[in-house]
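Chain order of the listed sequences is A and B.
-17 is the number of the first residue of the first sequence in our numbering; add one for each residue after it.
14 is the number of the first residue of the second sequence in our numbering; add one for each residue after it.
In what follows, a structure is listed as structure tokens, so that the remarks can point back to it.
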Amino acid sequence: MAASSSSSSSSSNLLLLLLISSLDWLSTPGFAFLMARDHMTSSAPLEPHFTECISRDQETFRCWWSPGSFHNLSSPGALRVFYLKKDSPTSKWKECPEYIHSNRECFFDVNHTSVWIPYCMQLRSKNNVTYFNEDDCFTVENIVRPDPPVSLNWTLLNISPSGLSYDVMVNWEPPPSADVEAGWMRIEYEIQYRERNTTNWEALEMQPHTQQTIYGLNIGKEYEVHIRCRMLAFTKFGEFSDSIFIQVTEIPSKESTFLLTLVLVFGAVGILILIVLIVVSQQHRLMMILLPPVPAPKIKGIDPELLKKGKLDELNFILSGGGMGGLSTYAPDFYQDEPWVEFIEVDAEDADAGEKEDNQSSDTQRLLGLPQPVSHHMNIGCSNAISFPDNDSGRASCYDPDLPNQDTLMLMATLLPGQPEDEEAAFDLVERPPAPERPLVQTQTGGPQTWINTDFYAQVSNVMPSGGVVLSPGQQLRIQESTSATEEETQQNVKEPKGGEDTEEKKLKELRFQLLVVDPEGSGYTTESNARKISTPPSSPMPGDGYQTIHPQPVETKPAATAEDNQSPYILPDSPQTQLFAPVADYTVVQEVDSQHSLLLNPPSRQSPPPCLPQPPLKALPAMPIGYITPDLLGNLSP
Amino acid sequence: MSQSSKSVALLLLTLVLLELSMRVGTAPICAHGQAGCHVPSLADLFDRVIQQSSRMHGISSDLHSEFEQYFFPSKNLVGKRKCHTNGILTPDDKENAQRIGREQLTEVILRLLGSWGDPLSQLYHSMSQDQNQDFNHYSSNKALEISDVVHELRDGVAKMAEKMKLLGVLGNTVGYISPESLVPSSTFSFYKQGELNSMDHHDLLYCFRRDSNKVKNYLRILKCTTLPELDC
């Protein structure tokens, strides 16, 4: 008991001593080696001893020795190596099979190497002094330190989305000396890395595969990586391999994507600018295609600005002859850039008082420039070569806007509604026709002249800047030609009880001068009586086609005409009922507008005068201005 | 008393079941090709066996190193240890292992494994009964684990040998090796009868570590000579 207690106490003391000493040894990096050393060396003068025995492939091994402090034994051959291989109880010490004196190394080749069998090493001097340490016994598998792996290299795995860190895959080959393929050695590897110029290595977990990932390296920093290996389930590592350096700088791919986006943006902007330029350069064409211009009212010689809404005063002023130029010949031309604009001019024609057959070339025809038996000047002047075909006439008619007709201006003045004070001036103007003896209204001074077919009834389809009123073809023309587009207009207002009144119609055809007249108190159309006055000059019911212009004529100047006109087959409505039986296909006279805003028309056949009657007045067309006729004006013009 | 006996019986029952389940192994192998059971190939068997041998060697190395650290042996007793398996002739290097052929190699493996079954269980019992040291309590579990691994490995190698015989890779010279025939009782009496002290433990662990390394290497050489295309 006492012995055991003492032994236990001594062992515990020894244990304590060893613990304390081991703490010191642990702090030094070569702790394991020193431990081994302490096992191999004695305390006082350093005997010759073995420094290390290492096997690299578990098939051979080497041992190095040192003479210690016995320098006299340092010469080669002074010390001899002996080993004991304890494979049998009767084993003996043998000398080193192969010396390498330059290294003080003893090499044991394959034939002399056995695994799992204890070897003991011993140094002997020439005088048979043996230096042997019990600690110098080992088994080969326990002294294996594999060579470092070879072919160490790395590949970039990925980069973090922030672009600050990246992962790297490191791969290598096992050491060629280790027979891993036969399975004789199983090796596990340890990677260590550190930032360049730092001292602490980061060690990754040991694993037996020949590749490993290093995570979380920082962009821009340079890293040093090396590797070592050891046998599986053993403790001794081989040496480190040579270091490789890993560095990844800023990623250029971001720049390339940035450049790509920049290029795309600029390309898109350039294309947009190109499109805008094309649109701007072809603006007019595009506007023409998308928004075709609507013809605006145009009167020859009058600024189209005045024709807009609300400027009636100025227009009246101009038409009445005031202001600069007005409707005179020297009025500025406002429509130079619109060559397609046409203004039908009306000329006063030498009256051919005769049969209507003699006047086959009605005013309308003349107006339209059709070939006529009577040689009349036709106004075929055009401002340019382009003739604008008129739908109603079926024939192109041109107009030279440079020569406004004073008469037309006057007519316009008179035709303007609600301007009673201008009527005098209008009448004055009317009374000052340049050629009163001329039955035709001169639309152009000195130019070819046209005269209109002074049918009484006509539809005003347009008003020219010069003052000429564009009329639709008369009923005679329509009935004779049996084609009309304007029939529907009149038929809207008229219920035609055709039948027994055809004969009357025929008469009326010849006689009548179609004029769509409306009650002057109404919307501004002329009344029948007013229309009569208007149409006094052109009284011949010529089967003219196309347009007929209305010339308001003073009652005083043309009494004869008016007288004849009075006998014109105008229809004076006696009763609204008669209107319903108007045989007029195209035109009729609107007497009044009843309460429901329906037009009450006059039957055209009521007052069919002798056929010869209307001719002279129609033919005796005075030079009258062409233009609008307002109810007020017509009221004054009525006889 | 009845209650205690009942509890003891229950405990014994659970222990027996536990031991049986542990002996079955980590994964059942269908040796006879039963329906619904995946019959492992020779490569699979090799893989399992080699894994087990690596594990066995790893645990034995850990145990041995812990022993050495705990006890701080003042001497290096490498040359002085004697193991009871020294009588088994084993190839000492790679060429010899490759030279003796598959049949002999397999036989050596089986001998080695068979000779360690009993000593390891004895070691476990001895370590678990040693109440003076905490280390024994901690490492007795590992000793138990090692003994189980050895048993499994021996069964696995036997199955693998049977498969190799079936495939004609292995000659018929390798018969079933019973553990009793492997280890003569004289060698087992190498150790003290009865209680084993810690030095005996240490010796046993050292010897077992060496032998497990042998088994591991032999198995790997066997695999690479039989199926060289697989990971060799």
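The beta-carbon is built from N, C-alpha and C at its ideal position, and this holds for glycine as well.
This one's a predicted model, so the numbers in the text were calculated from it and none came from an experiment.
Buried or exposed for residue i, going by 16 or more other Cβ atoms inside 10 Å?
| i | result |
| --- | --- |
| residue 35 of chain A | buried |
| residue 230 of chain B | buried |
| residue 239 of chain B | buried |
| residue 166 of chain A | buried |
| residue 250 of chain A | exposed |
| residue 174 of chain B | buried |
| residue 77 of chain B | buried |
| residue 121 of chain A | buried |
| residue 625 of chain A | The structure shown has nothing for residue 625 of chain A, since chain A only spans -17 to 621. |
| residue 178 of chain A | exposed |
| residue 138 of chain A | exposed |
| residue 190 of chain A | exposed |
| residue 86 of chain A | buried |
| residue 50 of chain A | buried |
| residue 100 of chain A | buried |
Is the beta carbon of residue i less than 8 Å from the beta carbon of residue j?
| i | j | result |
| --- | --- | --- |
| residue 102 of chain A | residue 91 of chain A | no |
| residue 173 of chain A | residue 194 of chain A | yes |
| residue 31 of chain A | residue 46 of chain A | no |
| residue 234 of chain B | residue 111 of chain B | yes |
| residue 183 of chain B | residue 120 of chain B | no |
| residue 62 of chain B | residue 179 of chain B | no |
| residue 91 of chain B | residue 122 of chain B | no |
| residue 291 of chain A | residue 449 of chain A | no |
| residue 223 of chain A | residue 134 of chain A | yes |
| residue 136 of chain A | residue 253 of chain A | no |
| residue 40 of chain A | residue 170 of chain A | no |
| residue 136 of chain B | residue 228 of chain B | no |
| residue 89 of chain A | residue 77 of chain A | no |
| residue 453 of chain A | residue 442 of chain A | yes |
| residue 69 of chain A | residue 107 of chain B | no |
| residue 146 of chain A | residue 200 of chain A | yes |
| residue 126 of chain A | residue 218 of chain A | yes |
| residue 231 of chain A | residue 202 of chain A | yes |
| residue 261 of chain A | residue 268 of chain A | yes |
| residue 153 of chain B | residue 141 of chain B | yes |
| residue 148 of chain A | residue 176 of chain A | no |
Going along the chain, which residues of its own chain have a beta-carbon closer than 8 Å to the beta-carbon of residue i, five neighbours each way excluded?
| i | result |
| --- | --- |
| residue 634 of chain A | No answer is possible for residue 634 of chain A: the residues shown for chain A start at -17 and end at 621. |
| residue 72 of chain B | 155, 158, 159 and 162 |
| residue 102 of chain B | 121 |
| residue 75 of chain B | 155 |
| residue 55 of chain B | 173, 176, 177, 180, 182, 239 and 240 |
| residue 18 of chain B | none |
| residue 287 of chain A | 293 |
| residue 42 of chain A | 89, 90, 91, 92 and 95 |
Beta-carbon within less than 7 Å of residue i's beta-carbon, same chain only, minus the 5 sequence neighbours each way: which residues are those?
| i | result |
| --- | --- |
| residue 107 of chain A | 55, 60 and 61 |
| residue 22 of chain B | none |
| residue 159 of chain A | 38, 39 and 129 |
| residue 185 of chain B | 178 |
Only counting the same chain, and skipping five residues up and downstream in sequence, which positions put a Cβ closer than 6 Å to that of residue i?
| i | result |
| --- | --- |
| residue 114 of chain A | 104 |
| residue 80 of chain B | 215 and 218 |
| residue 168 of chain A | 214 |
| residue 220 of chain B | 96 |
| residue 75 of chain A | 64 and 66 |
| residue 257 of chain A | none |
Along chain E, in chain order, which residues have C-beta atoms closer than 8 Å to that of residue i?
| i | result |
| --- | --- |
| residue 161 of chain A | Of the chains in the structure shown, none is chain E; the protein chains are A and B. |
Which runs of the alpha helix (DSSP H), 4 residues or longer, sit entirely within the region 227 to 302 of chain A?
234 to 263, 265 to 272 and 294 to 301
Assess, as a yes-or-no matter, whether the region 221 to 230 of chain B is touched by the region 117 to 132 of chain B under the definition of 3 or more beta carbon pairs within less than 8 Å.
yes
On the three-pair Cβ rule with 8 Å, is the region 196 to 211 of chain A touching the region 142 to 160 of chain A?
yes
So does the region 130 to 144 of chain A actually touch the region 93 to 102 of chain A, counting three or more Cβ pairs closer than 8 Å?
no
Those runs of the alpha helix (DSSP H) which lie wholly inside the region 96 to 181 of chain B and span at least 4 residues:
107 to 112, 114 to 128, 130 to 142 and 147 to 180
Would you list, in sequence order, the uninterrupted alpha helix (DSSP H) runs of no fewer than 4 residues that lie entirely inside the region 178 to 228 of chain A?
none
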